[in-house]
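Data block below; observations after.
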Amino acid sequence: MKTFKNFIAGKWTEPETDKYFDNVNPADTSDIIGRFPKSGRGDAERAIESAQRGFEIWRRTPAPARGDVIRKAGDIMVRRKDEIADLMTREMGKPLNETRGDVQEGIDTAYYAGAEGRRLFGHTVPSELRKKWAMSYRRPIGVAGLVTPFNFPMAIPTWKMFPALACGNSVVFKPAEDVPHTATVLVEIMLEAGLPPEVIQLVHGFGEEVGAAIVEHPKVPLVSFTGSTETGSIVGAICGRMHKRLSLEMGGKNAQIVMDDADLDLALEGVLWGAFGTTGQRCTATSRLILQSGIHDEFLSRLVERVRALQLGDGRKDGTDVGPMINAAAVEKTERYIDVGQQEGADLLCGGRRAKGKGLDGGYFFEPSIFARVKAGSRLEQEEIFGPVLSVVRVKDADEAFAVNNDVKYGLSSSVYTQNVNTAFRALEELDNGITYVNAPTIGAEAHLPFGGVKQTGNGHREGGWEVYEFYSETKVGYVDFSGQLQKAQIDTYLGTPD
Ligand code: NAD
Numbered sequence: 071m072k073t074f075k076n077f078i079a080g081k082w083t084e085p086e087t088d089k090y091f092d093n094v095n096p097a098d099t100s101d102i103i104g105r106f107p108k109s110g111r112g113d114a115e116r117a118i119e120s121a122q123r124g125f126e127i128w129r130r131t132p133a134p135a136r137g138d139v140i141r142k143a144g145d146i147m148v149r150r151k152d153e154i155a156d157l158m159t160r161e162m163g164k165p166l167n168e169t170r171g172d173v174q175e176g177i178d179t180a181y182y183a184g185a186e187g188r189r190l191f192g193h194t195v196p197s198e199l200r201k202k203w204a205m206s207y208r209r210p211i212g213v214a215g216l217v218t219p220f221n222f223p224m225a226i227p228t229w230k231m232f233p234a235l236a237c238g239n240s241v242v243f244k245p246a247e248d249v250p251h252t253a254t255v256l257v258e259i260m261l262e263a264g265l266p267p268e269v270i271q272l273v274h275g276f277g278e279e280v281g282a283a284i285v286e287h288p289k290v291p292l293v294s295f296t297g298s299t300e301t302g303s304i305v306g307a308i309c310g311r312m313h314k315r316l317s318l319e320m321g322g323k324n325a326q327i328v329m330d331d332a333d334l335d336l337a338l339e340g341v342l343w344g345a346f347g348t349t350g351q352r353c354t355a356t357s358r359l360i361l362q363s364g365i366h367d368e369f370l371s372r373l374v375e376r377v378r379a380l381q382l383g384d385g386r387k388d389g390t391d392v393g394p395m396i397n398a399a400a401v402e403k404t405e406r407y408i409d410v411g412q413q414e415g416a417d418l419l420c421g422g423r424r425a426k427g428k429g430l431d432g433g434y435f436f437e438p439s440i441f442a443r444v445k446a447g448s449r450l451e452q453e454e455i456f457g458p459v460l461s462v463v464r465v466k467d468a469d470e471a472f473a474v475n476n477d478v479k480y481g482l483s484s485s486v487y488t489q490n491v492n493t494a495f496r497a498l499e500e501l502d503n504g505i506t507y508v509n510a511p512t513i514g515a516e517a518h519l520p521f522g523g524v525k526q527t528g529n530g531h532r533e534g535g536w537e538v539y540e541f542y543s544e545t546k547v548g549y550v551d552f553s554g555q556l557q558k559a560q561i562d563t564y565l566g567t568p569d
């Protein structure tokens, strides 16, 4: 079995702890991909020291040259797309068409970030005073600590790493412990693309140990975290205390609303993909389906029929619609929520248990599950499950649908299916989410638009698009006075005597 290493101080190195963990294929737990370092605080500290040296090189590298490295990384990802998708499915489980999409998101992010190296715009504005220029421009910040979740092993790290690097920061990357192989390949790609070695550090291991060590380190002024709201609260408390710049992207409880006037065929395809794609393990997954009463019964019976026909299996096999869950803890959490739903009196229409049978017994498979008659405000309807469980709520009209959508602590994405243009625009205005889709499922971000949620999904920052460049750079203002005189802002006005 292959033993993998950290990348610290420009070298692939063993962990100081001399401890390792197995990376397991969730579709077949007898398939061990490799042993990865279970690093400790000392490894994180060495990585941060090295990243400080890397920062001194990288911050002085012209931004267009930084962008070129990222663009080349995109080119390498294009060449290796199928290979990366295959190894990603092996460690993460989602089907190959989804892991190809995950790599494609990384490619798109690389090309956007590469070009951003030639923009990184500031502003030049007229000064209040004569013979004086006033401008703002962007500066790199320092060592960025990047902590990422398991569900998008390539896309989410690139959402953070590429803009961080384009802005001139160095990075210490702590990937989720369930997907260390894809992370290793991403770092190999960055080095092949020409990134100076000390600009990037990869520290494998567990969140409470190495993740916490990075977040708590005083020489890491910038932290970007994606993961659960619970972990984000811990990270947020530390960063708040230490006055760090922090981006949080956390949980969701996203709803698809289907109005009586909707194209039901389209809405059906939307919810199948939104709820059960990635086995429900997307931050934007549809976990609530809000149906208007006129179409409720018909839509639900068609949906249950389609869900029962979904093909579970190894994501690397042809014909698989739904792969395994990520690990045993995720299956157990889903089982607990099935119990919660039943105790709360919801009707379990399908699924509700571990999937058994040929090709399934050795993996973390769970049957796609639907609860009907779910009460707004119940735990099943309010809490993030992060598994293949859909809760259906019946409503009488758009007002009630919007109220149910908004009455959760999360605010990532929402979707409305309607043929009525007024309802569509009202939804865009009223739904309290970072992203609202009209006649499309709750999932599917595009790399050149900001991505993120409101309320307890995030802390106001966004990944992607132009906004993330604000997060990874500091605005500095420069004034150049070429009048040769002392001019006093707010005191000498433009009405003074011209020379
Ligand atoms: P998680 O919170 O368990 O772990 C995320 C990362 O944090 C991992 O790398 C983990 O090792 C690390 N970590 C754990 N404890 C830590 C600590 N004390 N200090 C520092 N780091 C620590 O999340 P997960 O199970 O990997 O991912 C699922 C969650 O991520 C879901 O809640 C999902 O909604 C969320 N998510 C959100 C978005 C978004 O953009 N909003 C995207 C994807 C996933």
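Just add 70 to the spot in the sequence shown (first one is 1) and you have the numbering used here.
Just so you know, even glycine gets a beta-carbon here, dropped at the ideal spot from N, CA and C.
Counting only runs that start and end inside the region 149-207, the alpha helix (DSSP H) elements of at least 4 residues fall at 151-162 and 166-186. V280: not part of any alpha helix (DSSP H); DSSP gives it neither H nor E. Counting C-beta pairs closer than 8 Å gives three or more between the region 233-243 and the region 109-126, which meets the contact rule.
Distances from the alpha-carbon of T488 to those of I365, T194 and Q555 put I365 closest. Taking a contact as a CB-CB distance under 8 Å, the pair T512 and S484 counts as one, their CB atoms being some 6 Å apart. The alpha-carbon of F435 is positioned some 10 Å away from that of A400.
Here the alpha carbons of G340 and P438 stand approximately 15 Å from one another. Between the beta-carbon of Y90 and that of F106 there is about 6 Å, and that keeps the pair under the 8 Å contact cut.
Exclusion of R406 from the 8 Å shell around the ligand NAD follows from its C-beta lying no nearer than that to any non-hydrogen atom of the ligand. In the same chain as G447, and ignoring 5 residues on each side of it, the C-beta atoms closer than 8 Å to its own belong to D477, in chain order. For H531 against S317, the beta-carbon gap comes to about 4 Å, under 8 Å, which counts as contact.
Here the alpha carbons of L216 and G297 stand approximately 11 Å from one another. Checking the DSSP bridge columns, you'll see C420 partnered with I440. The bridge partners DSSP lists for D551 are K202.
Looking at the DSSP output, G104 shares a beta bridge with N93. S294 sits in a strand when the DSSP states are folded into three classes.
Linking D469 to P394 through their CA atoms gives a straight-line distance of about 37 Å.
Between V465 and Q560 a beta carbon distance of about 56 Å is seen, past the 8 Å cut, so the two are scored as non-contacting. Apart from the 5 residues on each side of it in sequence, Q452 sits with its Cβ closer than 6 Å to the Cβ of V478 in its chain, given in chain order. Between R188 and G137, the C-beta gap is smaller than 9 Å, which places the two residues in contact. Annotation for S120: the continuous alpha helix (DSSP H) segment containing it runs R111 to W128.
Scanning K75, V462 and K142 for the CA closest to the CA of L261 turns up K142. Beyond the five residues adjoining it in sequence on each side, E454 comes within less than 6 Å, by CB distance, of G321 and K323 in the same chain, given in chain order.
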